[in-house]
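Colleague: Pasting a structure here, questions to come.
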Amino acid sequence: MDVSTQGLTTEQITEIIDLVKKVHGFDFSDYSKASFKRRLTRVMMIKKLSFYDLKHVLLNDAVFFQNFLEEITVNVTEMFRDPSFYKALISQALPYLSTYQHIKIWSAGCSSGEEVYSLTILLNEAGLKDKSFIYGTDINTVVLKDARKGIYSFRNVKTYAENYQLCGLKGSLTDHFTVLYDAATIHNELKVNTLFSVHNLISDTIFNEFQLISCRNVFIYFETQLQEKILDLFYKSLCPHGFLCLGSKETIRSDFFKKKFKAVNQKENIYQKIGA
-2 MDVSTQGLTT EQITEIIDLV KKVHGFDFSD YSKASFKRRL TRVMMIKKLS FYDLKHVLLN
58 DAVFFQNFLE EITVNVTEMF RDPSFYKALI SQALPYLSTY QHIKIWSAGC SSGEEVYSLT
118 ILLNEAGLKD KSFIYGTDIN TVVLKDARKG IYSFRNVKTY AENYQLCGLK GSLTDHFTVL
178 YDAATIHNEL KVNTLFSVHN LISDTIFNEF QLISCRNVFI YFETQLQEKI LDLFYKSLCP
238 HGFLCLGSKE TIRSDFFKKK FKAVNQKENI YQKIGA
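Numbering (this note's numbering), first residue to last: -2 to 273.
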C-alpha cells in the first residue's frame, strides 16, 4: 500500500491505537487525531510499511516499537524558544520565585533537554540556581539520554544564541558551553541541579510539589479531554500560587480551570494557581 497516496482511514488509526494500548500499555486515544495520523503516515513511509506490516512489527518487534514511540512523541524544541516568553518569565515570575527558600521546577515533555538548560541558565543569571532543582520528564527514553548528556550541535547552539540575545541576557550563550569541533556540551555546573526521568503525562501521577511547571508546545498534540486531565495533574502538582507555563499556541480554554488559574501574562500563556 502506498500510504502517501491512499492515506489511513479513521478505522485503521483506531485499530493501531487499540493495538498499541493492548500490547504496549501506551494510550494514544486522546492524542490529536490529525497529528497522530501525520506521524503514523511518516513512520510507514520511512520504513516502507503497509498497514498490515505495521501491525505485524508493532506486535512482534520491541526495537521497532521503541523507534515508533520516538517518532510519535517527538517534540520539536530549541533553547530559549520564544524569547518574549523568557523575558516575561524574568520580569513576572522570577521575582516571586526568588522569595522561596527552595525552588522546584518541572519541565514536562522536555524532549532533549533544551528547555531545562534554558531555565537553568536563566536561574543562574538571576542568582537562583543554587536553591533551584529542575525535573525534566518525557515519555521518550531516547531523547532523555540526549538530555542527560547535554551535547548539542554547535550549529544549533549558534542559532539558539540569537534567542538568548533577544531575552536580554548577559554575555553569549556559548559562555555556558564547552565547544569541541562541531559539538557543544553544556557546562557541568548547569547539570548539577537537574534530573531527567521518564514520566507519562497520560497515565502517571503527581510526584512532587512545584513552584513552576512548564509544559510548552505539548498540549497541541492532545484532544480537549486529555488536556483537561493533564491540567488537573498540573494544578495538583503546583504549590499555592505556583506558576504554569504553556506554549505560544496553547491556552486554558476550560471554564473550570479558568477559575483555578489566573493569567499573569495572557500573551505568553503564563498562569498562576489560585488558592490552595
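Built from N, CA and C at the ideal position, the CB exists for glycine as well.
Name, in chain order, the residues that DSSP records as bridge partners for leucine 243.
Modeller: Residue 243 sits at position 246 when you count from the first residue of the sequence shown. Leucine 243 pairs with Cys212.
Colleague: Among Ser47, Glu8, Val20, Asp50, which residue has its Cα nearest to the Cα of lysine 30?
Modeller: The count along the sequence shown starts at 1 and reaches residue 30 at position 33. Looking only at Ser47, Glu8, Val20, Asp50, the smallest Cα-Cα distance to lysine 30 is reached by Glu8.
Colleague: Can the beta-carbon of histidine 173 be found less than 8 Å from the beta-carbon of isoleucine 183?
Modeller: The residue you call residue 173 lines up with position 176 of the sequence shown. The residue you call residue 183 lines up with position 186 of the sequence shown. Yes.
Colleague: Of the choices Ile87, Leu230, Asp15, whose alpha-carbon is the least far from that of leucine 55?
Modeller: Locating residue 55 in the sequence shown gives position 58, counting from the first residue. Among Ile87, Leu230, Asp15, the Cα nearest to that of leucine 55 belongs to Asp15.
Colleague: Are three or more beta carbon pairs between the region 62 to 77 and the region 245 to 254 nearer than 8 Å?
Modeller: No, they do not touch.
Colleague: Histidine 47 to isoleucine 136, Cα distance in whole Å?
Modeller: One-based indexing of the sequence shown puts residue 47 at position 50. One-based indexing of the sequence shown puts residue 136 at position 139. First, the residue type needs correcting, since residue 47 is serine and not histidine in the sequence shown. Taking the straight line joining both Cα atoms gives about 26 Å.
Colleague: Cα-Cα, which of Gln89, Met41, Ser104 is closest to methionine 130?
Modeller: As a working note, residue 130 is residue 133 in the sequence shown. One detail in the question is off: residue 130 reads as phenylalanine in this sequence, not methionine. Of the candidates Gln89, Met41, Ser104, the one whose C-alpha sits nearest the C-alpha of phenylalanine 130 is Ser104.
Colleague: Based on the DSSP output, what are the partners of valine 189 in its beta bridges?
Modeller: Working through the sequence shown from its first residue, we reach residue 189 at position 192. In the DSSP output, where bridge partners are listed per residue, valine 189 has none listed.
Colleague: Give the single residue among Cys212, Asp79, Gln269 whose Cα lies nearest to the Cα of cysteine 164.
Modeller: As a working note, residue 164 is residue 167 in the sequence shown. When only C-alpha atoms are compared, the closest one is Asp79.
Colleague: From the DSSP output, which residues share a beta bridge with isoleucine 183?
Modeller: Residue 183 sits at position 186 when you count from the first residue of the sequence shown. Paired residue(s): Phe174.
Colleague: Where lysine 84 and tyrosine 157 are concerned, what is the direct C-alpha to C-alpha distance, given to the nearest angstrom?
Modeller: Looking up residue 84 in the sequence shown gives position 87. Looking up residue 157 in the sequence shown gives position 160. C-alpha separation (whole angstroms): 15 Å.
Colleague: For glycine 106 versus glycine 147, is the C-beta spacing smaller than 8 Å?
Modeller: Counting from 1 along the sequence shown, the entry for residue 106 is found at position 109. Counting from 1 along the sequence shown, the entry for residue 147 is found at position 150. Cβ atoms of glycine 106 and glycine 147: not closer than 8 Å.
Colleague: Just mark valine 215 as buried or exposed, buried being the case when its beta carbon has 16 or more other beta carbons within 10 Å.
Modeller: Looking up residue 215 in the sequence shown gives position 218. Classification of valine 215: buried, given that the 10 Å Cβ count is 16 or more.
Colleague: Starting from lysine 259, trace the beta strand (DSSP E) in both directions and tell me its first and last residue.
Modeller: Sequence index remark: in the sequence shown, residue 259 carries index 262 (1-based). From DSSP, the beta strand (DSSP E) with lysine 259 extends over 258 to 262.
Colleague: Could you pull the DSSP bridge partners for threonine 134 from this structure?
Modeller: Here residue 134 refers to the residue found at position 137 of the sequence shown. Bridge partners of threonine 134: Ala105, Ser194.
Colleague: How would you call phenylalanine 193, buried or exposed, if buried means at least 16 neighbouring beta carbons within 10 angstroms?
Modeller: Within the sequence shown, residue 193 is the residue found at index 196, counting from 1. Buried is the call here.
Colleague: For the candidate residues Ile102, Asp50, Ile249, Val20, whose alpha-carbon lies nearest to that of leucine 120?
Modeller: The residue labelled residue 120 in the question sits at position 123 within the sequence shown. For the residues Ile102, Asp50, Ile249, Val20, the minimum Cα distance to leucine 120 belongs to Ile102.
Colleague: Tell me which residue opens and which closes the alpha helix (DSSP H) that glutamine 269 is part of.
Modeller: Numbered from its first residue, the sequence shown carries residue 269 at position 272. Not the alpha helix (DSSP H): glutamine 269 falls in the beta strand (DSSP E), residues 267 to 270.
Colleague: What residues in its chain sit with their C-beta under 7 Å from that of lysine 126, if we drop five residues either side in the sequence?
Modeller: As a first step, residue 126 must be located in the sequence shown, where it is residue number 129. Counting only Cβ-Cβ distances below 7 Å, and skipping sequence neighbours, we find Thr117, Leu120, Asn190.
Colleague: Count the other CB atoms within 10 Å of the CB of threonine 134; is the residue buried (16 or more) or exposed (fewer)?
Modeller: Here residue 134 is taken as the residue at index 137 of the sequence shown, counted from 1. The residue in question, threonine 134, is buried, as its Cβ has 16 or more Cβ neighbours within 10 Å.
Colleague: Which residue comes first and which comes last in the alpha helix (DSSP H) that contains isoleucine 324?
Modeller: Given a span of -2 to 273 for the chain in the structure shown, any question on residue 324 remains unanswerable.
Colleague: Would serine 169 be called buried (16 or more neighbouring beta carbons within 10 Å of its own) or exposed?
Modeller: What you label residue 169 is simply residue 172 of the sequence shown in a count that begins at 1. So serine 169 counts as exposed.
Colleague: Determine the DSSP secondary structure at serine 129, reduced to helix, strand or coil.
Modeller: To locate residue 129, count along the sequence shown from 1; it is residue 132. If DSSP states are grouped into helix, strand and coil, serine 129 belongs with the strands.
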